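Q: Would you mind keeping the following structure in view while I ask a few things?
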Amino acid sequence: MEAELTALAVSGATTLVGLMVSETWTQARDRVARFFARGGDQGSAVEELGRSQQELLAARAAQDELAGADIEAEWRTRLRRILQDDPQAAEELRCLLAELGPSVDDNHGASVHNSISGGVQNGPVVQGQSFSGLTFGVPGRVTPEQGASGQ
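All residue numbers for the sequence shown refer to the numbering used here, where the first residue is 1 and numbers rise by one.
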């Protein structure tokens, strides 16, 4: 059971941090704060979440992956403690993750959002899953399909 709670805490922290840097954070924040307040002062939970979000945004802007990982670890620890102290919290967290987490399409697996930042891409960038038959032409080169007859 401990491994299951740890996995749930990891999933919850990952989802939480992902939400903090998304457009949906403002809608999700109060729902998440209610979970962390556990019937107590929701205002302080909102403040803590807000501080973490600001720190996370600053870390991402500075490309400080370690600071971002530290923020996620802090929330993972809090989640694990809540799950250990309150057996009913696990089901509540599962419901919260199902409500706020990435949607899943039964036919195609989890939805994915990819982004590219920084640097210069001097060619095609392809992000996705299950590609086949992709061809990128290079000026002045003859592809095997063109062979000698395509010149």
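Heads up, the beta-carbon is just placed ideally off N, CA and C, and yes, glycines get one too.
These numbers come from a predicted model, not from an experiment.
From residue 46 to residue 121, what distance separates their C-alpha atoms?
A: For the purposes of this step, residue 46 is taken as residue 46 along the sequence shown, with counting starting at 1. For the purposes of this step, residue 121 is taken as residue 121 along the sequence shown, with counting starting at 1. Going by the C-alpha atoms only, they are around 39 Å apart.
Q: Could you check where the alpha helix (DSSP H) with residue 39 kicks off and where it finishes?
A: By 1-based counting over the sequence shown, the position of residue 39 is 39. Here residue 39 belongs to no alpha helix (DSSP H), and DSSP marks it neither H nor E.
Q: So residue 85 is in the alpha helix (DSSP H); what residue range does that whole segment cover?
A: As a working mapping, residue 85 is identified with position 85 in the sequence shown. That run of the alpha helix (DSSP H) goes 65 to 85.
Q: Looking only at its own chain, which residues have a Cβ that is under 7 Å from the Cβ of residue 21, when we skip the five neighbours before and after it?
A: Along the sequence shown, one-based indexing puts residue 21 at 21. Cβ neighbours of residue 21 beyond the five flanking positions: 56, 57 and 60.
Q: With a CB to CB cut of under 7 Å and the five nearest residues on each side skipped, what residues in its chain are close to residue 25?
A: Translated into the one-based positions of the sequence shown, residue 25 becomes position 25. Taken in chain order, the residues that qualify are 19 and 53.
Q: According to DSSP, is residue 2 part of a helix, a strand, or is it coil?
A: As a position in the sequence shown, residue 2 is number 2, starting the count at 1. Helix.
Q: In chain order, what residues of the same chain lie with their CB nearer than 6 Å to the CB of residue 96, ignoring the 5 residues before and after it?
A: Within the sequence shown, residue 96 is the residue found at index 96, counting from 1. Spatial neighbours of residue 96 in its own chain (CB-CB distance under 6 Å, excluding positions within 5 residues in sequence) are listed in chain order as 35.
Q: On a Cα-Cα basis, can you pick out the residue from 77, 115, 85 and 117 that is closest to residue 10?
A: Working through the sequence shown from its first residue, we reach residue 10 at position 10. Of the listed residues, the one whose Cα sits closest to residue 10 is 77.
Q: Given a threshold of 16 other Cβ atoms within 10 Å of its Cβ, counted over all protein chains shown, does residue 17 qualify as buried or as exposed?
A: Working through the sequence shown from its first residue, we reach residue 17 at position 17. Buried.
Q: Give the straight-line distance between the Cα atoms of residue 8 and residue 91, rounded to the nearest whole angstrom.
A: Working through the sequence shown from its first residue, we reach residue 8 at position 8. Working through the sequence shown from its first residue, we reach residue 91 at position 91. About 10 Å.
Q: Pick helix, strand or coil for residue 12, following the three-state DSSP scheme.
A: Stepping through the sequence shown from its first residue, residue 12 is reached at position 12. DSSP places residue 12 in helix when its eight states are reduced to three.
Q: Judging by CA-CA distance, which residue of 32, 71 and 75 is the nearest neighbour of residue 98?
A: Counted from its first residue, the sequence shown places residue 98 at position 98. Here the closest residue by C-alpha is 32.
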